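Here is the structure we will look at, set down as structure tokens.
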Amino acid sequence: MYDIAIVGAGVVGALTARELSKYNIKIALLEKANDVAMGTSKANSAIVHAGYDSKPGSNKAIFNVQGSKMMQELCQDLSVPYKKTGSLVLAFNDSQMTHLTKLLMSGNKNGVPGLCIIGQDKLRELEPNININALGALYSPTAAITCPYELTIAATEVAVTNGLEFKRNFRLEEVEALPDGSFELKSESESIKAKFIINCAGLYSDEIAALFGDKNYKITARKGEYFLLDKTAGNLVNHVVFQCPTKMGKGVLITPTVHGNIIVGPTAYDIEDKSNVSTTLEGSAEIMRKARRSLPNLNQREMITSFSGLRAHLESDDFILEYSSKHPNVINVLGIESPGLAAAPALAKHLENMVLQSKANLGDLSIKENYARKRKAPVRFNTLDNEQRRKLIEKNKLYAQIVCRCESVTYGEIIDAIRAPAGARDVDGVKRRTRAGMGRCQGGFCGSKVAEILADELNLDITEVTKFGGESNILLNKTKKQKSVSACD
Ligand SMILES: Cc1cc2nc3c(=O)[nH]c(=O)nc-3n(C[C@H](O)[C@H](O)[C@H](O)COP(=O)(O)OP(=O)(O)OC[C@H]3O[C@@H](n4cnc5c(N)ncnc54)[C@H](O)[C@@H]3O)c2cc1C
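In structure tokens, the structure reads:
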């Protein structure tokens, strides 16, 4: 019997898992995919928003501002990249300049520090490549960027180090409320019991809530398409550059990434299918057209890949964190669309407090001795100088072999990623942990080698290695062993 089961290993579930893993209780983190960060936390703008644009007093505003204050220290503790770039919202006409004043006022009400409106000269000084027709901008010095999937991975590693059980490929499909107040949680192939449930299932948290009898929520998937530019374009902008927001969201932005690329996007349109993360020609044309308004010299030839993410949109347009109306030992977390990443550290703390304040009989809520709060920084060969590389290779020769040439990722780092707590089990898992396959060639050279290493380490046949779990097998059979088939067979 688990004391707590957290459903969904996105950034919210993982950071909550990390917070709760310090207590002397038994916790499971259930994830339907083959890895953590396979939902919205995998594909977003990666911005730690300052918090000026959410309605004052809303959960979005409160948790965003708190989360943004917590994020730098959290990223330090978890050895996750973080960079305080600051952000700019551009205005191209008088009515947009008026809108900037409204954003400034709401930011002040939300408690965002350091906001100011800057004119053309200052804007040009901060961002020399910006359209000369921009009249001014709202400047937020506290906005930052991070890596959402590394944050999710690192938080889960800490939780697992503290004894939490990470159950991948556990899609919660059925719930039975037991007479003692606990629950039986069933996937297709497994069943566990838990006393307390935290529903952090992102896009599907309405469906999980319904399994517990809470049937009044409806989440709509709102798609955002992006493209990623090569590192050669990495100095196009220094800040996160927004345009004025619309009722569908924050609009098309251009932002540096913590790894030195540039992200451009997203679009915003509602779709029926919550699993549809395809990208479209129309989407990239729309992004290009809108983004060129901010940055006229944006060159689509620098694009190395496109991707999309799905916002978990609720009609009430705010985050919901509440005890189930049917069961006091269930917390539903819904509508965690943007700024959910920025808010996540504060949401996790709040959820920890909700657990502590609940009347659930959760056993020993004392704090473990010597629990891990921090994660040791993984080896990043490409950030080391030659002397550091020499010393590393002296200790372990596996770091002498480069597997991904674009990002200079070594064999040793890939082994580390697989052996880490809740480590990589597929090619994309290795990619998110090490950056092997994230570069210009997008895995064209290293993909097959990564698959071989996974097969060796996990004792799998190469045909069993997948790109992202499920049926995403990369190789189907060994052609050399195949019987030749003649036209007469
Ligand atoms: C286009 C876009 C841009 C964004 N940009 C930003 C930004 O710049 N800054 C910001 O602060 N926020 C941003 N966001 C929002 C942010 O990405 C999300 O708020 C955050 O990632 C939500 O995390 P989560 O853990 O709630 O959900 P998710 O990451 O979706 O995690 C939910 C998990 O639950 C699992 N799950 C679902 N059903 C089940 C089941 N039945 N059983 C077991 N597991 C299940 C899923 O597989 C998934 O892993 C953006 C979002 C989008 C889509």
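Throughout, the numbering used here is defined as the position within the sequence shown, counted from one, plus 426. We put the beta carbon where it would ideally sit given N, CA and C, even for glycine. Computed from a predicted structure; not experimentally measured.
Where does residue i sit, in a helix, a strand or coil, going by DSSP?
| i | result |
| --- | --- |
| residue 851 | coil |
| residue 769 | helix |
| residue 713 | helix |
| residue 651 | strand |
| residue 685 | coil |
| residue 720 | helix |
| residue 664 | coil |
| residue 472 | coil |
| residue 526 | helix |
| residue 829 | strand |
| residue 586 | helix |
| residue 746 | strand |
| residue 638 | coil |
| residue 780 | helix |
| residue 731 | strand |
| residue 875 | helix |
Short of 8 Å in beta carbon distance, which residues of its chain neighbour residue i, apart from the five on each side in sequence? Order them along the chain.
| i | result |
| --- | --- |
| residue 472 | 571, 572, 573, 574, 681, 683, 684, 689, 767 |
| residue 778 | 442, 445, 446 |
| residue 845 | 883 |
| residue 448 | 588, 793, 794, 797, 799 |
Output needed for residue i: all residues of its chain with C-beta closer than 7 Å, excluding positions within five of it in sequence on either side, in chain order.
| i | result |
| --- | --- |
| residue 865 | 830, 832, 833 |
| residue 707 | none |
| residue 726 | 714 |
| residue 599 | 612, 613, 614 |
| residue 529 | 478, 479, 515, 564 |
Give a single yes or no on whether residue i has its beta carbon closer than 7 Å to a heavy atom of ligand 1.
| i | result |
| --- | --- |
| residue 615 | no |
| residue 634 | yes |
| residue 763 | yes |
| residue 467 | yes |
| residue 471 | yes |
| residue 457 | yes |
| residue 771 | no |
| residue 437 | yes |
| residue 500 | no |
| residue 719 | no |
| residue 767 | yes |
| residue 692 | yes |
| residue 475 | yes |
| residue 626 | yes |
| residue 756 | no |
| residue 853 | no |
| residue 433 | yes |
| residue 596 | yes |
| residue 737 | yes |
| residue 654 | no |
| residue 629 | yes |
| residue 674 | no |
| residue 650 | yes |
| residue 574 | yes |
| residue 464 | yes |
Is the separation between the beta-carbon of residue i and that of residue j shorter than 8 Å?
| i | j | result |
| --- | --- | --- |
| residue 871 | residue 753 | no |
| residue 838 | residue 738 | no |
| residue 583 | residue 801 | yes |
| residue 450 | residue 744 | no |
| residue 433 | residue 626 | yes |
| residue 438 | residue 556 | no |
| residue 623 | residue 756 | yes |
| residue 780 | residue 621 | no |
| residue 376 | residue 824 | The chain is shown from 427 up to 915; residue 376 falls before or after that span and cannot be answered. |
| residue 436 | residue 465 | yes |
| residue 594 | residue 459 | yes |
| residue 577 | residue 462 | no |
| residue 854 | residue 893 | yes |
| residue 630 | residue 716 | no |
| residue 552 | residue 516 | no |
| residue 835 | residue 862 | yes |
| residue 735 | residue 469 | yes |
Near residue i, what residues of its chain come up, given a Cβ to Cβ distance below 6 Å and the 5 sequence neighbours on each side ignored?
| i | result |
| --- | --- |
| residue 653 | 690, 710, 729, 732 |
| residue 746 | 760, 761 |
| residue 525 | 670 |
| residue 763 | 737, 738, 739 |
| residue 567 | 512, 540 |
| residue 816 | none |
Under 8 Å between C-beta atoms, does residue i make it to chain B?
| i | result |
| --- | --- |
| residue 725 | The chain inventory of the structure shown lacks chain B, comprising one protein chain alone. |
In the DSSP assignment, what are the bridge partners of residue i?
| i | result |
| --- | --- |
| residue 758 | 625, 748 |
| residue 515 | 564, 668 |
| residue 542 | 565 |
Cβ of residue i versus every heavy atom of ligand 2: is any distance shorter than 7 Å?
| i | result |
| --- | --- |
| residue 507 | For ligand 2, the structure offers nothing, since it holds only ligand 1. |
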